[in-house]
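A.B. asks: Below is one structure. I have some questions about it.
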Amino acid sequence: MSPYQAFHALRIPSGHNDVMASYNKNLECRPDGYWALYQRGNALRQAGLYEDALDSYEEALACRSDDYRAWHQRGNVLAELRRYNDGIASYDKALALKPAYYWSWYQRGHALRNAGRYRDAVASFNKALEIRPDDYWALYHRASIFLYNLNRSEEALAGYDQALELRPKDYWSWYRRGIALFGLSRYQDAIASYDKALEFRPRDYWAIYRQGDALLWLGRYEDAIAGYDRAVDIQPDYPDAWVYRGLALQLSGRTRDAIASYDQALELDSYVSDAWYGKACCYASQGDVRRTIEHLQKAFELSPDEYRQPATAEPAFDAIRASEQFQALLQD
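Heads up: the sequence shown begins at 4 in this note's numbering, then just goes up one per residue.
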């Protein structure tokens, strides 16, 4: 055994070492033994030794290339190694041998998503669902591709609804259903979906924070502030809720409190351009040209393409719009 192999053997848990010894003993008797090579690959994969597992599966396939299982497991370890396109090719080999094998279609969908091939990933999950129409995970992951990668919120919503028929107590589907509803501007329905998510995780920062966003868009500023207060109580080190809490306070006319909230966000991350822009709006409403310019300039530096155009029409800047300094900054 080489030092490299010895090092890896030490990393395998003791139970796996016993299993590995058994497979290696079999291979001493039959070096071309497909089954021992395949099972050794499985043991190495379960131990997290993906490169070694890949070698073992490839040795197995050199003995017998017509077993879909080795091609499938080879695809799994290639995906673990982030060699997604190679993994997809291996799943394709498995499916050529067993076209109705659910797991290869399902894992192929994940590999395609990780490779950035989102429409192909949806097609692969569709094939998996032809085989198992009531599989929660295929429905859930397909819906998540629609939501996060393809910006198809209606289809995402339909997918989460299907998933929830199978698992009505699943936090993640209720939470992401809320995001899909928010994307469709159905803010009241989004709030209700986040409420369901919070039944299962009552102190979940993200559901509370995003519920605050929906309340903000409905113009329910005091309710939004209360929601953001809950979020920052749970997770005070995340700047997002501090920023939008600042916006809700700003829109409700509580300018000083808004500035304090934006400051909290900037203490956590001085590169949060939304907080710099929000503070600029607050100072403008107070007629403080100097501080408005300082903060707006910082927002422009951090996100030049995001704020320059909106600033030309931002109502908060009406009080200082005629200022030469403000006009010079916009034209810079």
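Each residue gets a CB set at the ideal place from its N, CA and C atoms; glycine is no exception.
Just so it is clear, the structure is predicted and the values come from calculations on it, not from any experiment.
CB residue 238 to CB residue 285, shorter than 8 angstroms?
C.D. replies: Taking the first residue of the sequence shown as position 1, residue 238 is located at position 235. Taking the first residue of the sequence shown as position 1, residue 285 is located at position 282. Going by C-beta atoms, residue 238 is not nearer than 8 angstroms to residue 285.
A.B. asks: Spatial neighbours of residue 78 within its chain, please: CB distance less than 6 angstroms, with the 5 preceding and 5 following residues excluded, ordered by chain position.
C.D. replies: Looking up residue 78 in the sequence shown gives position 75. Excluding positions up to five away in sequence, the list reads 90, 93 and 94.
A.B. asks: Classify residue 242 as buried or exposed, calling it buried when 16 or more other Cβ atoms lie within 10 Å of its own Cβ.
C.D. replies: For the purposes of this step, residue 242 is identified with residue 239 of the sequence shown, where counting begins at 1. Burial call: buried.
A.B. asks: Three or more C-beta pairs under 8 angstroms: does that hold for the region 140-149 against the region 101-118?
C.D. replies: Yes: the two stretches touch, three or more of their Cβ pairs being nearer than 8 angstroms.
A.B. asks: Hey, how far is the Cα of residue 307 from the Cα of residue 332?
C.D. replies: As a working mapping, residue 307 is identified with position 304 in the sequence shown. As a working mapping, residue 332 is identified with position 329 in the sequence shown. Approximately 12 angstroms between the Cα atoms of the pair.
A.B. asks: What did DSSP end up calling residue 154 once you bin it into helix, strand or coil?
C.D. replies: The residue given as residue 154 occupies position 151 in the sequence shown. Coil, per DSSP.
A.B. asks: What are the complete alpha helix (DSSP H) segments, minimum 4 residues, inside the region 102-146?
C.D. replies: For the region 102-146, whole alpha helix (DSSP H) runs of length 4 or above, ordered along the chain, are 105-117 and 121-134.
A.B. asks: Can you name, in chain order, every residue of its own chain whose Cβ lies under 6 angstroms from the Cβ of residue 199, other than the five neighbours on each side?
C.D. replies: Stepping through the sequence shown from its first residue, residue 199 is reached at position 196. The residues are 177.
A.B. asks: Could you name each continuous beta strand (DSSP E) segment of 3 residues or more that falls completely within the region 45-90, going from the start of the chain to the end?
C.D. replies: Whole beta strand (DSSP E) segments, 3+ residues: zero.
A.B. asks: What residues in its chain sit with their C-beta under 8 angstroms from that of residue 208, if we drop five residues either side in the sequence?
C.D. replies: Counting from 1 along the sequence shown, the entry for residue 208 is found at position 205. Result list for residue 208: 234, 237, 238, 241 and 244, in chain order.
A.B. asks: Taking residue 183 as the reference, which of 152, 203 and 227 has the closest Cα?
C.D. replies: Position 180 of the sequence shown holds residue 183. Checked all of 152, 203 and 227; the closest Cα to residue 183 is 152.
A.B. asks: Report yes or no: do the region 285-301 and the region 323-332 share at least 3 C-beta pairs separated by less than 8 angstroms?
C.D. replies: Taking 8 angstroms as the limit for Cβ pairs, the verdict is that the region 323-332 does touch the region 285-301.
A.B. asks: Are the beta-carbon atoms belonging to residue 174 and residue 203 less than 8 angstroms from one another?
C.D. replies: If you number the sequence shown from 1, residue 174 lands on position 171. If you number the sequence shown from 1, residue 203 lands on position 200. Yes, these two residues count as a Cβ contact at 8 angstroms.
A.B. asks: Count the other CB atoms, across all protein chains shown, that sit within 10 Å of the CB of residue 279; report buried if there are 16 or more and exposed otherwise.
C.D. replies: Along the sequence shown, one-based indexing puts residue 279 at 276. Buried: at least 16 other Cβ atoms inside 10 Å.
A.B. asks: DSSP three-state label for residue 313, please.
C.D. replies: The residue you call residue 313 lines up with position 310 of the sequence shown. In this structure, residue 313 counts as helix in the three-state DSSP scheme.
A.B. asks: Given residue 227, which residues of its chain have a CB within under 6 angstroms of its CB, disregarding the five upstream and five downstream residues?
C.D. replies: Against the sequence shown, residue 227 aligns to sequence position 224. Closer than 6 angstroms at Cβ, skipping near neighbours: 215, 218, 219 and 251.
A.B. asks: So, helix, strand or coil for residue 173, using DSSP?
C.D. replies: Taking the sequence shown and counting its residues from 1, the one referred to as residue 173 is at position 170. Coil.
A.B. asks: Among 70, 221, 260 and 322, which has the Cα closest to the Cα of residue 232?
C.D. replies: Indexing the sequence shown from 1 puts residue 232 at position 229. Closest option to residue 232, Cα to Cα, is 260.
A.B. asks: Report buried or exposed for residue 212, applying the criterion of at least 16 other Cβ atoms within 10 angstroms of its Cβ.
C.D. replies: Numbered from its first residue, the sequence shown carries residue 212 at position 209. Per the 10 Å Cβ criterion, buried.
A.B. asks: Taking the straight line between their C-alpha atoms, what separation do you get for residue 289 and residue 283?
C.D. replies: Taking the first residue of the sequence shown as 1, we reach residue 289 at position 286. Taking the first residue of the sequence shown as 1, we reach residue 283 at position 280. Their Cα atoms are separated by approximately 10 angstroms.
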